[in-house]
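Here is the structure we will look at.
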Amino acid sequence: MRIDDNALKNILVKNAYVTPEDMEKAEAFAHTHHASPLEYLFSEGLVTRDLVGQAVAESLGVAYADLNSNQPSKKQVLEIPEDIAKNFRVVLFSKQRDSVVVATDDPTQASMREALAAMFGGAAVTIVYSLSEDVDAAFMHYRKPLETRFSKIIEEKKRIAPEILGEIFEDALTHRASDIHFEPQRDDIAVRFRVDGVLHEAGRIPRPVYENILNRVKVQSNLRIDEHFAAQDGSMRYEKEGRVLDLRTSIAPTIEGEKIVLRLLTSYVQGLTLGELGLSVQHQGMLEAETQKPFGMILVTGPTGSGKTTTLYALLKLLNNPDVNITTIEDPVEYRMTGVNQIQVNLQTNLTFATGLRSIVRQDPDIILVGEIRDRETAEIAVNAALTGHLLLSTFHANDAATAIPRLLDMGVEPFLLSSTLDVVVSQRLVRKICENCRRSVDIERDVLARSFPRAHAHFEEPRITLYEGKGCPLCKNTGFRGRTAVFEIIRITPKLQDLILRNPSAQQVWDCARSQGSASMFEDGIEKVRNGVTTLEELLRVAEPPENSGQ
């Protein structure tokens, strides 16, 4: 039983979890941002996921059980046979000698209590409520290994390719994978998932069935099935039970056969806020203020896979109102957003970033998003668009925020134009988050920290420092990490920096000026996340360098 938005709004207001005034603001936000009222309530800190669960449980007259924080073990889940569990959507929460507590997302089901009491030998059964997504996560314990499922599908000789792909997609979604790799090897095909930036093997496909899978992916992605020696790119969609998953397809020939990489483009960005990206309150305020300007340019820099596009779309979400025309040109279009005109680069029809941007400017836009500034022509058109009354957002490959400015100047952008249009440069990297389910604190002496992290210890002045780590649990697959967040470096272009840009500065000169006006380095932003138990110092050092003088 999934609670719809209208029922949930009534529950939250009726039970005083949210005031009517806050709910009105949430509904106004939802209307203008093509979102759910819950997104506003979450972003403003007015409710949490657990509070929503408690509110629904209260409305149903039962207690709430948090299956996310109190993840049931596989043995615990399997105590209820799969057919009964999935029929009633129940998970064993706890068990005593003569009583059991069972969690479900639908406590109103008739005959459920009697069926469970009979199954547990007449024990007293207490029904509690849990969120639907947590019940679904617990059901993963019923899923057999991918290779076992592959063998069964092949034995039955029915719809081999679509069924194998369906099993892979379901597992990828459950494990929150960002990419799926199909890697041809001598004897079989390795299937690997990238989860929180790290690749893990998920299973292996026998070679004889791989050609059918490869051809299905090509057909679904509108690619040529008779082409085996050239790289091909496309996109496909997977739909099941009302859930839609968009995937970006890349196929490349290797000496062992054609390799497939599928990027999962889930719609979660629709609900993403700047705070959830990892931006501090101060940085959120600064970026929100910059997006309210009628024209100018906001750049997000960083390497491939650092979350730049996600940050831009979180900004677009703030700007997405019925009274503005937002148009994007991207390669590829990664996220679909209602109310935004999205254009896909197509080299076969000569629709490049530059030609597409020229066309967009004639489409009466208020806000333009350019997927990436790659060359001088695109850079010049983008700068001129920002100069002539448009707010322009784009990504740019640079190692840090300060380097973006001299790189744009080296591309041939006139200093006086860049000085007049550039408003803010954001640089970011992704770090893994400590698993909240098994996070624990670790006290360490400063001299020990200095020996282990000689260039980072200067950021900790106290003699005894509290850091955090993940112990490892079933929820995080014993890695100690679950999910990712970003560390940021932001340079806001002030009048002093505008004057400096006119003099063709080096990256170091830009950073020194920005630093003197309050900009903090990416590493310093990360240190705050380390102190707050969001990530580890080792993880931060993996993606960000301490300032050169931090160990002195």
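Numbering (my numbering), first residue to last: 56 to 607.
We put the CB at the ideal spot given by N, CA and C, even for glycine.
For Q287, same chain residues with a beta-carbon under 6 Å away, outside a window of 5 residues either side, are L278, I306 in chain order. Contact annotation, Y390 with L320: C-beta distance approximately 6 Å; criterion of less than 8 Å satisfied.
Taking the C-beta atoms as reference points, R487 is found nearer than 9 Å to D251. A residue is called buried when at least 16 other Cβ atoms come within 10 angstroms of its Cβ; D478 meets this threshold and is buried. Counting only the Cα atoms, A513 lies some 12 Å from R506. The residue among F578, M291, A158, D161 with its C-alpha nearest the C-alpha of F543 is F578. Under the 10 Å beta carbon count, A511 is surrounded by 16 or more other beta carbons and is classified as buried. By the beta-carbon neighbour count (other beta carbons within 10 angstroms, threshold 16), E469 is exposed. The alpha carbon of L412 has as its nearest neighbour, out of G116, V379, S449, the alpha carbon of S449. For the options I235, P261, N270, Q164, the alpha carbon positioned closest to that of V253 is the one of I235.
Counting every other CB atom within 10 Å of its CB across the protein chains shown gives E435 a total of 16 or more, marking it as buried. Between N439 and R558, the alpha-carbon positions lie close to 20 Å from each other. Burial check for Q483: the Cβ neighbour count within 10 Å reaches 16 or more, so the residue is buried. L472: member of the alpha helix (DSSP H) spanning 470-476, first to last residue. Note: R487 is bridge-paired with R539 in the DSSP secondary-structure output. When rounded, the separation of the alpha-carbon atoms in A158 and A192 is 13 Å. The shortest C-alpha to C-alpha distance from D498 to any of S474, L485, V480, E524 is the one to E524.
Just so you know, the alpha carbons of S561 and T364 end up roughly 27 Å apart.
Residue burial is scored here from C-beta neighbours: P75 has fewer than 16 other C-beta atoms within 10 angstroms and is therefore classed as exposed. About 7 Å separates the CB atoms of S185 and G108; that is less than 8 Å, so the two are in contact. If you look at S91, you'll find it isn't in any beta strand (DSSP E); DSSP assigns it neither H nor E. A contact is defined here as three or more CB-CB pairs under 8 Å, and the segment 58-75 meets this definition with respect to the segment 93-106. As DSSP reads the structure, V425 sits in a beta bridge with I384, S449. Sequence-distant Cβ neighbours of G444 in its own chain, meaning closer than 8 Å and more than five residues away, are P349, F350. Remark: three or more beta-carbon pairs, one from each stretch, lie closer than 8 Å, so the segment 156-174 and the segment 118-137 are flagged as touching. Beta-bridge annotation (DSSP): L354 is paired with S449, V480.
Between F148 and V180 the beta-carbon gap is near 11 Å, outside 8 Å, which marks them as no contact. By the neighbour-count criterion, in which a residue is buried when 16 or more other Cβ atoms sit within 10 angstroms of its Cβ, E516 is exposed. The alpha carbon of A453 has as its nearest neighbour, out of T359, N396, G527, the alpha carbon of T359. Restricting attention to Y293, E82, D455, the CA atom closest to the CA of L228 is found in Y293. Secondary structure within the segment 153-201: the beta strand (DSSP E) runs of 3 or more consecutive residues, fully enclosed, are 154-159, 179-184 (chain order). Under the 10 Å beta carbon count, I139 is surrounded by fewer than 16 other beta carbons and is classified as exposed. Per DSSP, the continuous alpha helix (DSSP H) segment holding M577 begins and ends at 577-586.
In this structure, DSSP gives I58 a state outside helix and strand, which the three-state scheme calls coil.
Counting along the chain, M466 sits inside the alpha helix (DSSP H) bounded by residues 456-466. Beta-bridge partners of H236 (DSSP): R247, V316.
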